[in-house]
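Sequential numbering from -3 applies to the sequence shown in the numbering used here. Report on one structure; see the data block that follows.
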Amino acid sequence: MNITKIENLHPAYKELLERISRRYIQGQAQAIRSVNESLIDTNWNIGKYIVEYEQGGNPRAKYGSKLLENLSRDLALRHGRGFSRSNLNYMRLLYLHYPICEKLSHKLSWSHYCELVKIDDELERSFYYQQNLLENWSVPELKRQKKSALFMRLAASKDKNEILRLARQGQKIERPEDIVKDVYVLEFLKIPEPYNYSETELETRLIDNLQQFLLELGKGFTFVGRQYRLVINNNPHRIDLVFYHRILRCFVLIDLKINEVRHNDIGQMNMYMGYFANEENYEGDNPPIGIILSKDKDELLVEYATYGMNSQLFVSKYQLYLPNKEELRQLLIDSQLETDL
């Protein structure tokens, strides 16, 4: 087959080719969106029919215990795949959790909704719904954020009003505090415990898994560099990781510590932030944010070491395993009880 090189084409013909190609790609995307919208609306209505049948009273009670099983068998005989018992249950839950079809966002796929309806807690489900819209997560990304208990990790440091706002709006990014977590979960590094690893190995693994690390960091982060070199008073220094935050319009400096953070680590980060503010910032950039990411953290030491210091310097912990959700849930309950006293 003879294929003419693109650079040899007549300009007018080349433009025609590009226009047709762009329109074809747009049409494909529109078709996918249309199919997705129709699928979600159809499944919501199927869920509605099932719930209405269940609520119909005793005459139908004999079908109750095996209703989904019977429907799965009979609908599969008529229409083929797509009517497994679990899928029918997701349809049912979709109607129960989102009783107004018009409020369903068609930016999310049916697979997204299957993950969301598994969440029993209304506030938690609402958060993942809103956050998915804000950050455009793929289905695997949504699954990972659920497993890492993102909602409970963010909610643990908030009061009741802030938790409600978090659930209804997602994590809005307006201040430096909004992009910093108390604990970062790095289970994707697959570092076993106990295991003696160096800060260099930790940094290398983060770079090798940069896409997942960016997901854990949150929306707006772009990678700038590792071992970022700066010279102060003719002495070379290096920052482990440097990012730029597109929403807050500022550099984010991250130093990694495999042990407990010390007071001189905090002073060093403060120096790095001062350097970036004066030497690296361009017009329109906001003051940099510094995050020391450590395995352990002495709260009292951090409080004293940061006394009177830049409020945009944070010390956070990281853990190499997924959190225990029940422990987090209990911690959240306990913190709310304290605020009520």
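The beta-carbon is built from N, C-alpha and C at its ideal position, and this holds for glycine as well.
Residues near residue i by beta carbon distance below 7 Å, same chain, minus five either side
i, result
"P232", "R225"
"S107", "V135"
"Y193", "I187 and I254"
"M305", "N266"
Which of helix, strand or coil DSSP assigns to residue i
i, result
"A8", "helix"
"N32", "helix"
"P232", "strand"
"L73", "helix"
"K114", "coil"
"M305", "coil"
"F370", "No answer is possible for residue 370: the residues shown for the chain start at -3 and end at 337."
"R241", "The question names Arg, but residue 241 in the sequence shown is His. If DSSP states are grouped into helix, strand and coil, H241 belongs with the strands."
"K156", "helix"
"S101", "coil"
"L327", "helix"
"K44", "helix"
"K321", "helix"
"L316", "coil"
"Q223", "strand"
"P55", "Its pLDDT being 45, under 50, P55 is placed unreliably by the model, and the measurement read from it follows with that caveat. Correct three-state label for P55: helix."
"R15", "helix"
Delimiting residues of the alpha helix (DSSP H) encompassing residue i
i, result
"E189", "Looking at the DSSP string, E189 is not in any alpha helix (DSSP H), and its letter there is neither H nor E."
"K139", "V135 to K143"
"V298", "E295 to A301"
"R121", "E118 to E131"
"K253", "Counting along the chain, K253 falls outside any alpha helix (DSSP H), though it belongs to the beta strand (DSSP E) covering C246 to E256."
"L202", "E195 to D204"
"Y91", "R81 to H93"
"D174", "It is not in any alpha helix (DSSP H) - D174 carries neither H nor E in the DSSP assignment."
"A273", "A273 -> no alpha helix (DSSP H), and no H or E assigned at all."
"L150", "L146 to A151"
Assumed close pair residue i, residue j - CB separation to whole angstroms, cut-off 8 Å
i, j, result
"M87", "G43", "4 Å"
"S312", "K177", "6 Å"
"L104", "N128", "6 Å"
"V220", "V238", "4 Å"
"L324", "A145", "5 Å"
"M148", "L328", "6 Å"
"R81", "S68", "5 Å"
"L119", "L316", "Wrong, their Cβ atoms sit about 28 Å apart, outside the cutoff."
"W40", "C97", "5 Å"
Residues near residue i by beta carbon distance below 8 Å, same chain, minus five either side
i, result
"Y314", "V179, Y180, V181, L182, L289, S290 and K291"
"D281", "R245, C246 and F247"
"A8", "none"
"R29", "H102"
"K321", "A145 and M148"
Extent of the continuous beta strand (DSSP E) to which residue i belongs
i, result
"G286", "I285 to D292"
"Y180", "V179 to V181"
Cβ-based neighbour list, residue i, same chain, cut-off 6 Å, excluding 5 preceding and 5 following
i, result
"I243", "I169 and G216"
"V113", "Y86, L89, L90 and H93"
"G286", "L249, M265, M269 and L309"
"R56", "Its pLDDT being 48, under 50, R56 is placed unreliably by the model, and nothing is read from it."
"I46", "R88"
"Y59", "For Y59, the predicted model reports a pLDDT of 49, less than 50, meaning its position is unreliable; a value from the coordinates is still stated below. Contacts found: none."
8 Å Cβ cutoff, residue i in contact with chain D
i, result
"Y49", "In summary, chain D is missing from the structure at hand, where a single protein chain is found."
field: Three CB pairs or more closer than 8 Å across the stretch 155 to 168 and the stretch 118 to 135
entry: yes
message: Is it the case that the stretch 249 to 261 contacts the stretch 191 to 201, given that we only count it when at least three CB pairs across the two stretches are under 8 Å?
response: yes
- prompt: Okay, do the stretch 138 to 154 and the stretch 207 to 216 touch, 3+ Cβ pairs below 8 Å being the bar?
  reply: yes
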